[in-house]
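Engineer: Under our numbering, the final residue of the sequence shown carries the number 556; numbering is consecutive throughout. I have a structure here, written as structure tokens, and I will follow up with some questions on it.
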Amino acid sequence: MLPDRKEYPCQVIDMSPGGVSLNTPVAGRKGDRVVAYLDHIGRIEGELVRLFQGGFAMTIHAGERKREKLANQLTWLANRSALGLPEDRRFERVTPENKFTQVTLGDGRTFPCRILDMSRSGAAVRSTIVPNVGSPVTLGNSRGLVVRAFQDGFAMEFSKALTEDEIRQQFGAVA
């Protein structure tokens with residue numbers, strides 16, 4: 382997200398705990414504040430420091446503890462394939478039996494959606510509506526916030542982790 386508060390897709394080219402190079406169709410200006418939501422990393426923010434064809438480089442503003450956590454995440458990501466490590470998620474990702482449900486926006490509008498996968502803490506959803514990151518949404522009966530937007534959908538984090546029984550009651554058996 383650039384200062385215009387619009388979100389654009391991006392892909393990490395290179396990353397360290399202090400900075401990241403992103404391939405993106407839209408670049409801001411040197412000195413712009415940037416917020417990025419990266420798969421397996423989460424939210425980072427910093428300052429655009431260099432433009433190049435196809436993207437830009439940014440610093441990552443983070444305290445010592447956050448930088449240490451980021452270094453550990455990057456090390457894990459770099460080594461997981463070579464070592465055959467499982468995904469590092471709080472809860473196992475599952476696909477519910479009832480994939481088709483509805484998402485309700487904060488203003489009460491309701492849209493049909495399809496659950497791509499979910500866990501006790503959140504869900505990835507395909508939908509004709511893609512709410513802004515940070516928007517309140519309700520999936521079935523479960524409230525939460527949008528944490529990532531992607532083409533044709535979004536990911537949300539539930540306000541409270543669901544139990545396995547709550548998932549089964551709302552969305553059916555899981556695979």
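Here a beta-carbon is modelled for each residue, glycine too, at the ideal position from N, C-alpha and C. Predicted model only: the values in this text are computed from it and were never measured.
According to the Cβ coordinates, are P398 and L455 closer than 9 Å?
Structural biologist: For this step, residue 398 is matched to residue 17 along the sequence shown. For this step, residue 455 is matched to residue 74 along the sequence shown. In this structure, L455 lies closer than 9 Å to P398 by Cβ.
Engineer: So for L429, helix, strand or coil by DSSP?
Structural biologist: As a first step, residue 429 is located in the sequence shown; it is residue number 48 there, counting from the start. Three-state DSSP puts L429 in a strand.
Engineer: In three-state DSSP terms, what is T405?
Structural biologist: One-based indexing of the sequence shown puts residue 405 at position 24. The answer is coil: DSSP assigns T405 none of H, G, I, E or B.
Engineer: Cβ atoms of V415 and G409: under 9 Å apart, would you say?
Structural biologist: Taking the first residue of the sequence shown as position 1, residue 409 is located at position 28. Taking the first residue of the sequence shown as position 1, residue 415 is located at position 34. A contact, by the Cβ cut-off of 9 Å.
Engineer: Do you know how far the Cα of A443 is from the Cα of A504?
Structural biologist: Locating residue 504 in the sequence shown gives position 123, where the first residue counts as 1. Locating residue 443 in the sequence shown gives position 62, where the first residue counts as 1. One C-alpha to the other measures close to 27 Å.
Engineer: Please state whether the Cβ-Cβ distance between R524 and S500 is less than 9 Å.
Structural biologist: Here residue 524 corresponds to residue number 143 of the sequence shown, with the count starting at 1. Here residue 500 corresponds to residue number 119 of the sequence shown, with the count starting at 1. Not a contact, by the Cβ cut-off of 9 Å.
Engineer: Quick check: what's the CA-CA separation for L497 versus K480?
Structural biologist: The count along the sequence shown starts at 1 and reaches residue 497 at position 116. The count along the sequence shown starts at 1 and reaches residue 480 at position 99. Straight-line Cα distance between these residues: approximately 7 Å.
Engineer: Which value, in whole angstroms, describes the spacing of the CA atoms of P406 and G436?
Structural biologist: What you label residue 406 is simply residue 25 of the sequence shown in a count that begins at 1. What you label residue 436 is simply residue 55 of the sequence shown in a count that begins at 1. The straight-line gap from Cα to Cα measures roughly 7 Å.
Engineer: Among S502, V511 and P477, which one has its Cα closest to the Cα of T491?
Structural biologist: Along the sequence shown, read from residue 1 onward, the residue named residue 491 stands at position 110. Here the closest residue by C-alpha is V511.
Engineer: Throw me the rounded Cβ distance for the D413 and P390 pair, which I believe falls under 8 Å.
Structural biologist: As a working note, residue 413 is residue 32 in the sequence shown. As a working note, residue 390 is residue 9 in the sequence shown. That belief does not hold up - the Cβ atoms of D413 and P390 are roughly 17 Å apart, past 8 Å.
Engineer: On the CB-based measure, 16 or more other CB atoms within 10 Å of its CB, does S493 come out buried or exposed?
Structural biologist: Within the sequence shown, the letter at position 112 stands for residue 493. Residue identity differs from the one stated: residue 493 is Pro in this sequence, not Ser. Its Cβ having fewer than 16 others within 10 Å, P493 is exposed.
Engineer: Does DSSP put Q483 in a helix, in a strand, or in coil?
Structural biologist: What you label residue 483 is simply residue 102 of the sequence shown in a count that begins at 1. Q483 falls in the strand class under three-state DSSP.
Engineer: Where K541 and G423 are concerned, what is the direct C-alpha to C-alpha distance, given to the nearest angstrom?
Structural biologist: Counted from its first residue, the sequence shown places residue 541 at position 160. Counted from its first residue, the sequence shown places residue 423 at position 42. Going from the Cα of K541 to the Cα of G423 covers about 18 Å.
Engineer: Which whole-angstrom value describes the C-beta separation of V506 and G534, a residue pair presumed to lie in contact below a C-beta threshold of 8 Å?
Structural biologist: As a position in the sequence shown, residue 506 is number 125, starting the count at 1. As a position in the sequence shown, residue 534 is number 153, starting the count at 1. Rounded, the Cβ-Cβ distance is 5 Å, consistent with contact.
Engineer: Nearest-angstrom Cα distance between M537 and A554?
Structural biologist: In the sequence shown, residue 537 corresponds to position 156, counting from 1. In the sequence shown, residue 554 corresponds to position 173, counting from 1. In a straight line, the C-alpha of M537 is about 20 Å away from that of A554.
Engineer: Considering only residues of the same chain and omitting the five flanking positions on each side of V393, which have a CB-CB separation below 7 Å?
Structural biologist: Translated into the one-based positions of the sequence shown, residue 393 becomes position 12. If we look at V393 and ignore the five residues flanking it on each side, its Cβ neighbours are V401, L403 and L419.
Engineer: Given L451, which residues of its chain have a CB within under 6 Å of its CB, disregarding the five upstream and five downstream residues?
Structural biologist: Residue mapping note: residue 451 aligns to position 70 of the sequence shown, counting from 1. Correct list, in chain order: P398.
Engineer: Please state the DSSP three-state secondary structure of I510.
Structural biologist: Taking the sequence shown and counting its residues from 1, the one referred to as residue 510 is at position 129. Reduced to three states, the DSSP call for I510 is coil.
Engineer: Sorted by chain position, which residues of the same chain lie with C-beta nearer than 8 Å to E478's C-beta, five sequence neighbours on each side aside?
Structural biologist: By 1-based counting over the sequence shown, the position of residue 478 is 97. Cβ neighbours of E478 beyond the five flanking positions: F552, G553, A554, V555 and A556.
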